[in-house]
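Asks: The opening position of the sequence shown corresponds to residue 535 in the working numbering, with each subsequent residue numbered one higher. Think of the CB as a built atom: it goes at the ideal place given N, C-alpha and C, for glycine as much as any other residue. Take this structure, written in structure tokens, and hold onto it; I'll ask about it next.
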Amino acid sequence: MHHPFRNVAAYVHHGTGAFGAGIVSEIFGYDRTSRGLPGFDFAVCTEEPGPVATDTGLKLMVEHGLDRLAQADLVLVSSWEHFDVAPSPAVLEAMRSAYERGATIAGHCTGAFVLACAGLLEGRRATTHWRWAEAMAARFPDVRLMPEVLYVDEGRIVTGAGAAAGVDMCLYLLRREYGAAVANAIARDMVLPPHRDGGQAQYVAAAVPADCDDERLGAVLGWARENLDSPLTVEVLAARALMSQRSFARRFAAATGSTPHAWVLSQRLHRAEELLETADLPIEEVARRVGFGTAATLREQFVRRRGVPPREYRKAFAS
């Protein structure tokens with residue numbers, strides 16, 4: 535039985551990123567239950583409750599102490615200015631205890647340093663803000679750092695890159711636990727693209743936009759999303775963009791960071807997720823609508839890139 539997180543605690547500290555604190559508050563602290571979306575028991579906590587100054591000078595009045603982490607299913611650690619100073623033993627112990635109890639711990643930007651200091655990243659893949667990647671690699675050589683990606687999923691340990699990548703990490707967590715329909719609905723509520731990835735491995739998203747500023751390419755991407763059941767070869771897409779295949783592939787890679795094939799595959803999988811969750815369609819029809827043709831092909835791609843067959847995914851996330 536799938537039990538997604540409900541109780542969410544955001545840990546902040548003096549110098550914490552105002553932008554990151556705003557991201558997690560908007561995504562998990564806003565009540566959307568009247569629109570049929572999940573609600574979260576969300577709280578912000580710190581080591582010593584009271585006013586906490588952010589990196590911009592804006593002050594947060596934080597009511598909860600570290601004991602709030604003991605209740606959380608999901609602990610979010612935002613960025614902070616003084617990441618070169620180790621958090622206190624009490625903070626590190628609270629993080630370790632939450633993880634050992636079964637909570638998911640997610641560090642965004644330089645918040646990943648807190649997870650590393652707690653020993654939670656040892657031997658694991660992780661990311662952080664690209665500007666501080668070298669500092670993290672030097673300080674924590676046992677961490678398998680991936681500074682080129684937006685977020686990295688290691689099960690109950692998730693890390694995200696800097697600034698707006700915190701949005702991607704949080705939306706990814708929602709997608710992973712609640713499914714594509716919920717994540718996309720909250721993204722639309724925030725006027726955001728629903729999912730940024732480079733069309734590569736499921737748990738590693740390239741640090742590039744899913745869309746692009748190139749008007750001609752943007753129109754082709756929009757058309758492709760509406761016609762996933764059609765053959766979407768480089769030849770077809772290039773012709774629609776009025777380019778040679780070589781020029782199209784080069785400009786596509788420059789604009790999206792992905793190959794056309796990988797991008798189309800990613801779009802088909804995302805659309806399949808939504809249909810499996812929200813539409814009472816046979817698996818064969820889902821496969822046809824997203825362009826995989828047969829249920830067997832859909833199953834093969836889903837197992838390879840999502841880790842479960844389509845029927846199990848539907849059982850876990852169908853609304």
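Considering only the alpha carbon of each residue, which of GLY636, CYS579, GLU560 and PHE836 lies closest to ILE720?
Replies: Start at 1 with the first residue of the sequence shown, and residue 720 comes out as number 186. Comparing Cα-Cα distances from ILE720 to each of GLY636, CYS579, GLU560 and PHE836, the minimum goes to GLU560.
Asks: Counting beta carbon pairs with one atom in the stretch 701-711 and one in the stretch 833-848, are three or more of them shorter than 8 Å?
Replies: At 8 Å Cβ cutoff, the stretches do not touch.
Asks: Among GLU581, GLY636, GLU834 and VAL692, whose alpha-carbon lies nearest the alpha-carbon of ALA607?
Replies: Counting from 1 along the sequence shown, the entry for residue 607 is found at position 73. The question names Ala, yet the displayed sequence has Asp at residue 607. Here the closest residue by C-alpha is GLY636.
Asks: Could you tell me the alpha carbon to alpha carbon distance between PHE647 and SER612, rounded to whole angstroms?
Replies: Translated into positions along the sequence shown, residue 647 becomes position 113. Translated into positions along the sequence shown, residue 612 becomes position 78. Roughly 10 Å between the two C-alpha positions.
Asks: Are LEU592 and VAL578 close, meaning C-beta to C-beta below 8 Å?
Replies: As a first step, residue 592 is located in the sequence shown; it is residue number 58 there, counting from the start. As a first step, residue 578 is located in the sequence shown; it is residue number 44 there, counting from the start. No. Outside cutoff.
Asks: Give me, in chain order, the residues of the same chain whose beta-carbon lies closer than 7 Å to that of CYS746; leave out the 5 immediate sequence neighbours on both sides.
Replies: For this step, residue 746 is matched to residue 212 along the sequence shown. Low per-residue confidence applies at CYS746: pLDDT is 49, beneath 50, and the placement is therefore not dependable enough to give any value.
Asks: State yes or no: is the C-beta of HIS548 within less than 8 Å of the C-beta of ALA587?
Replies: Counted from its first residue, the sequence shown places residue 548 at position 14. Counted from its first residue, the sequence shown places residue 587 at position 53. Taking 8 Å as the Cβ cut-off, HIS548 and ALA587 qualify as a contacting pair.
Asks: Please tell me whether LEU610 and VAL558 are closer than 8 Å, where the distance is taken between their beta carbons.
Replies: On the sequence shown, position 76 is the one that residue 610 refers to. On the sequence shown, position 24 is the one that residue 558 refers to. Yes. Within cutoff.
Asks: The beta strand (DSSP E) that contains MET595, what's its start and end?
Replies: Counted from its first residue, the sequence shown places residue 595 at position 61. Per DSSP, MET595 belongs to the beta strand (DSSP E) from 593-596.
Asks: Quick one, are the C-beta atoms of PRO794 and ILE817 less than 8 Å apart?
Replies: Translated into the one-based positions of the sequence shown, residue 794 becomes position 260. Translated into the one-based positions of the sequence shown, residue 817 becomes position 283. No, Cβ-Cβ distance for PRO794 and ILE817 is not below 8 Å.
Asks: Using alpha carbons as the reference points, say which of TRP614, LEU654, CYS643 and GLY645 lies closest to TYR633.
Replies: On the sequence shown, residue 633 is found 99 positions in, with the first residue counted as 1. Checking every option, the nearest Cα to that of TYR633 belongs to LEU654.
Asks: Give the straight-line distance between the Cα atoms of ALA660 and ILE691, rounded to the nearest whole angstrom.
Replies: Start at 1 with the first residue of the sequence shown, and residue 660 comes out as number 126. Start at 1 with the first residue of the sequence shown, and residue 691 comes out as number 157. About 9 Å.
Asks: Just tell me which of GLU760, LEU771, VAL768 and ARG848 has its CA closest to the CA of VAL824.
Replies: Stepping through the sequence shown from its first residue, residue 824 is reached at position 290. The shortest C-alpha separation from VAL824 is found at GLU760.
Asks: For PRO623, name the three-state secondary structure that DSSP assigns.
Replies: The sequence position of residue 623 within the sequence shown is 89, counting from 1. PRO623 falls in the helix class under three-state DSSP.
Asks: Can you tell me which of the three DSSP states ASN541 falls into?
Replies: What you label residue 541 is simply residue 7 of the sequence shown in a count that begins at 1. Of the three classes helix, strand and coil, the one that applies to ASN541 here is strand, per DSSP.
Asks: What's the call for ALA544, buried or exposed, on a 16-neighbour Cβ count within 10 Å?
Replies: Residue numbering aside, residue 544 sits at position 10 when the sequence shown is read from its first letter. Buried is the call here.
Asks: Under the three-state reduction of DSSP, which class applies to ASP687: helix, strand or coil?
Replies: Numbered from its first residue, the sequence shown carries residue 687 at position 153. In the structure shown, ASP687 sits in a strand (DSSP, three-state: E or B).
Asks: Could you tell me the distance, in whole angstroms, from the CA atom of GLY584 to the CA atom of ALA829?
Replies: Numbered from 1 along the sequence shown, position 50 holds the residue referred to as residue 584. Numbered from 1 along the sequence shown, position 295 holds the residue referred to as residue 829. When rounded, the distance between both Cα atoms is 56 Å.
Asks: Of the residues TRP666, TRP664 and PHE674, which one's Cα is nearest the Cα of GLY657?
Replies: Taking the first residue of the sequence shown as position 1, residue 657 is located at position 123. Of TRP666, TRP664 and PHE674, the residue nearest in Cα terms is PHE674.
Asks: By the DSSP assignment, the alpha helix (DSSP H) with CYS651 in it spans what residues?
Replies: Locating residue 651 in the sequence shown gives position 117, counting from the first residue. Taken as a continuous stretch (DSSP letters only), the alpha helix (DSSP H) holding CYS651 covers 646-651.
Asks: Please classify VAL677: is it buried, with 16 or more other beta-carbons within 10 angstroms of its beta-carbon, or exposed?
Replies: Here the question's residue 677 lines up with position 143 in the sequence shown. Classification for VAL677: buried.
Asks: Distance, Cα to Cα, CYS643 vs GLU682?
Replies: For the purposes of this step, residue 643 is identified with residue 109 of the sequence shown, where counting begins at 1. For the purposes of this step, residue 682 is identified with residue 148 of the sequence shown, where counting begins at 1. Taking the straight line from one Cα to the other gives about 13 Å.
Asks: Which ranges does the beta strand (DSSP E) cover as unbroken runs of at least 3 residues, wholly within the stretch 663-714, from first to last along the chain?
Replies: If we require 3 residues or more, the beta strand (DSSP E) runs fully inside the stretch 663-714 come out as 683-687 and 691-694.
Asks: How big is the Cα-Cα spacing for ALA652 and SER631?
Replies: If you number the sequence shown from 1, residue 652 lands on position 118. If you number the sequence shown from 1, residue 631 lands on position 97. Answer to the nearest angstrom: the Cα atoms are 10 Å apart.
Asks: Have a look at the DSSP bridge pairing and note the partners of ALA719.
Replies: The residue you call residue 719 lines up with position 185 of the sequence shown. DSSP output for ALA719 lists no bridge partner at all.
Asks: With H, G and I counted as helix, E and B as strand and the rest as coil, what does DSSP make of ARG658?
Replies: Looking up residue 658 in the sequence shown gives position 124. In this structure, ARG658 counts as coil in the three-state DSSP scheme.
Asks: Enumerate in chain order the residues of its own chain whose CB-to-CB distance from TYR847 is below 6 Å, with the five nearest sequence positions on each side excluded.
Replies: Position 313 of the sequence shown holds residue 847. Cβ within range, chain order: LEU810.
Asks: On the premise that ALA695 lies in contact with LEU684, defined as a C-beta separation below 8 Å, what is that separation, rounded to the nearest angstrom?
Replies: On the sequence shown, residue 684 is found 150 positions in, with the first residue counted as 1. On the sequence shown, residue 695 is found 161 positions in, with the first residue counted as 1. Correct: roughly 5 Å between the Cβ atoms.
Asks: If we count the other Cβ atoms within 10 Å of its Cβ and call it buried at 16 or more, is ASP687 buried or exposed?
Replies: Against the sequence shown, residue 687 aligns to sequence position 153. The residue is buried, with at least 16 neighbouring Cβ atoms inside 10 Å.
Asks: Within its chain, find whatever has a CB closer than 6 Å to the CB of GLY713; leave out the 5 residues flanking it on each side and keep chain order.
Replies: Translated into the one-based positions of the sequence shown, residue 713 becomes position 179. Hits under 6 Å: GLU811 and PHE851.
Asks: Would PHE826 pass as a contact of ARG802 if the rule is Cβ separation under 8 Å?
Replies: On the sequence shown, residue 826 is found 292 positions in, with the first residue counted as 1. On the sequence shown, residue 802 is found 268 positions in, with the first residue counted as 1. A contact, by the Cβ cut-off of 8 Å.
Asks: Going by Cα to Cα distance, which pick from SER764, LEU679, GLU582 and LEU815 is closest to ALA624?
Replies: By one-based count along the sequence shown, residue 624 stands at place 90. The shortest Cα separation from ALA624 among SER764, LEU679, GLU582 and LEU815 belongs to GLU582.
Asks: For PHE576, tell me which candidate among ASP589, PHE562, ARG566 and GLY570 has the shortest Cα-Cα distance.
Replies: Here the question's residue 576 lines up with position 42 in the sequence shown. Per the Cα distances, PHE562.
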